[in-house]
Every structure is written in C-alpha cells, then in structure tokens.
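In our numbering, the protein residues as written are 2 to 311.
Below: the structure, in structure tokens.
Pasting the structure below:
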C-alpha cells in the first residue's frame, strides 16, 4: 500500500476515533450525573429510616441523622400497638386504591376516546364542559351537602372512591395520546363489523398501555394518599383508610404530649413524636415504592409520548 493511501486511511480513522471518544466521555458524564442524582434522591429515604429507628431524645438533642446514635424501635411499637386496626386500615386503603384506580382508568379512557373521535358531533361542547369545571367549583359546603344530604354517601365505601374517580387533567392527557392513534385502525375494524365499544376494548386499550400505566400510577397515588375525604365523610372506624388512621394517631400523640407538658410531667421526651412521623412515612409509602418498579417502563414511555402529542 502506498504512502498516499496510508495517509488517507489515517485521515478517515482519526475523526471516527474522536467521535468514539466523545461518545464515551458523554456516556461517562451521563452515568456519573445519574449516579449523583440517584444518590441525592435516595439519601432522604435513608434519613427517614434512620430517624424512625433513633431514640426520641437523640433526635431532640442532635436533630435527624443518617445513622442512629441510639437505636430504638419505640416508634414502631406504638405504631403497631393495635395491629387489628392497622390491618383494617391497610385493607380499606388497598381496596379503595384497587377499585378506584380500575374505575378511574376505565372512565377516563372511555371519556378520552369519545373526545378524541372526530366523528363525535358534540366533542367540542363536552370538552368545554370538562374544562369549565377546572376553573369554577361550587365550594366545600355545597359539595359536602351534596355528598351527605342528597347522595347519602356518608360512612360508605363509595365516598372514598367517587370524588377522585375522574380528573380533567388525566382526561386531557389521555385524549392527546389517543388522538395520535391512526384512524385507519378504527376504520378497518369498522369494515370488519366491529362496534365502537369492541374497537375501544380490543384495539384502543391495548394500544394505550403506556398512557394507561401513567394515569393509573397517578390515580393510585391519589387514592393511596387521600385522607381529606375520610376526614370529611368517615366517622366509622372500620372504614378509615390508612392515611387518615395515621393522621388521627399522630394527632392523639401530639395531644398527649401537650397535655403532659401542661401538667409538668417529666416523661414528655419519651414519647417518640418525631420518630413516629418517620415510621408513619415508611409504613404509608412502602407498598407504593414496591409497586413502582413494575410499571416504571410504561410510566416513562407514557410520560414522553403524552408530552409530545398536541
């Protein structure tokens, strides 16, 4: 091979090596950045776990620390002092979350599908009606009277499901996603004799899995963390969800602490108020943290696709 060909080959190889080196540096920088961000996101969780296992007196003296100086399980002992009530609250919350998420996904996706259909005559009017509800509301008192005096839902399982079953923002996101599904799919199904509901169940739902997983996660988080509706409408202890049960327990603990301080008792520091808050956080967020990895791939895909559809 002549020197001219060698020189030309070196000229062609040099840019390729430079590009490969740039890719490697970019990948290294990306991995390092993601590792730092993941560590920063994980540190608060470690702090919560450590604080829940630390003696209350040490938290008062030294604040929250990443490693417990004096190990104590008093917060968890108080939290699970009545395991039957805790189990009942967990059962109610799991039931509300499962039923509410399933109903919410079905109604949200069906509403979004109707609004995304260009042959639906009243879709603009219905879209305005849904959007109008995000700007104005009747207020807390009319809503309470409607739920209690007219619908008679006080101390019922449905009162924990119906208020959160439909969200206009989720409908808009789902509508934007379904608008990107080619019309040729539904037209070919109609030619084969399929009805609208069959098209929705057999074609639209399977194609909308990423969006459904995203909206389903948001709905599940909303139902799991809801305590306000229970505060307004639930007085039966058998229907108390987990978040409201923990809220009442923490309120009772604060009341007991203030009563002891008012009476001049010396044992006020033995009540693990701060540690109990951290233990409640672990108990309340544990199941969601366990369930999230199973739907993460759908969640990320649904978020990116829903963001680019107009």
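Backbone N, C-alpha and C define an ideal beta-carbon position, used for all residues, glycine too.
Quantities reported herein were computed from a predicted structural model and do not represent experimental measurements.
- prompt: According to DSSP, is residue 94 helix, strand or coil?
  reply: helix
message: Checking 7 Å against the spacing of the C-beta atoms, do residue 315 and residue 54 come in under that value?
response: Given that the chain is displayed from residue 2 to residue 311, the structure contains no residue 315 and the question cannot be resolved.
- prompt: Taking the runs of the alpha helix (DSSP H) that are 4 residues or longer, which of them lie wholly in the segment 45-76?
  reply: 57-63
6 Å Cβ shell around residue 220 - same chain, five flanking residues per side excluded: 102, 105
- prompt: Does the Cβ of residue 45 have 16 or more other Cβ atoms within 10 Å, making it buried, or fewer, making it exposed?
  reply: exposed
Straight-line Cα distance separating residue 69 from residue 172: 46 Å
task: Would you kindly check if the distance between the Cβ of residue 156 and the Cβ of residue 236 is under 7 Å?
output: Taking C-beta atoms as the reference points, residue 236 and residue 156 count as a pair closer than 7 Å.
query: Assuming residue 93 contacts residue 281 under a Cβ cut-off of 8 Å, what Cβ separation, rounded to an integer in Å, is found between them?
result: In fact, because the Cβ distance is near 16 Å, the residues do not count as touching under 8 Å.
message: In whole angstroms, give me the CA-to-CA distance for residue 107 and residue 65.
response: Rounded to whole angstroms, residue 107 to residue 65 spans 44 Å at the Cα level.
query: Do you know offhand how far residue 21's Cα is from residue 36's?
result: Cα-Cα distance, rounded: 22 Å.
- request: Would you identify the three-state DSSP class for residue 125, choosing helix, strand or coil?
  value: helix
- request: Check each candidate in 222, 47, 283 and name the one with the smallest Cα separation from residue 293.
  value: 222
query: Under the rule that 16 or more other beta-carbon atoms within 10 Å means buried, what is residue 52, buried or exposed?
result: buried
message: Is it buried or exposed, residue 25, if we count other Cβ atoms within 10 angstroms and call 16 or more buried?
response: exposed
- prompt: In or out: residue 199 buried (at least 16 other Cβ within 10 Å) or exposed?
  reply: Around the beta-carbon of residue 199, fewer than 16 other beta-carbon atoms lie within 10 Å, marking it exposed.
task: Classify residue 29 as buried or exposed, calling it buried when 16 or more other Cβ atoms lie within 10 Å of its own Cβ.
output: exposed
- prompt: In chain order, what residues of the same chain lie with their CB nearer than 7 Å to the CB of residue 225, ignoring the 5 residues before and after it?
  reply: 94, 98, 289
- request: Answer with buried or exposed for residue 84, where buried requires no fewer than 16 other C-beta atoms within 10 angstroms of its C-beta.
  value: When all chains shown are included, residue 84 counts as exposed.
Beta-carbon proximity of residue 176 to residue 117, cut-off 7 Å: yes
- request: Going by CA-CA distance only, name the one from 285, 163, 204 that's closest to residue 244.
  value: Comparing Cα-Cα distances from residue 244 to each of 285, 163, 204, the minimum goes to 285.
- request: Have a look at 291, 57, 230, 91 and flag the residue whose alpha-carbon is nearest the alpha-carbon of residue 163.
  value: Nearest of 291, 57, 230, 91 to residue 163, Cα basis: 230.
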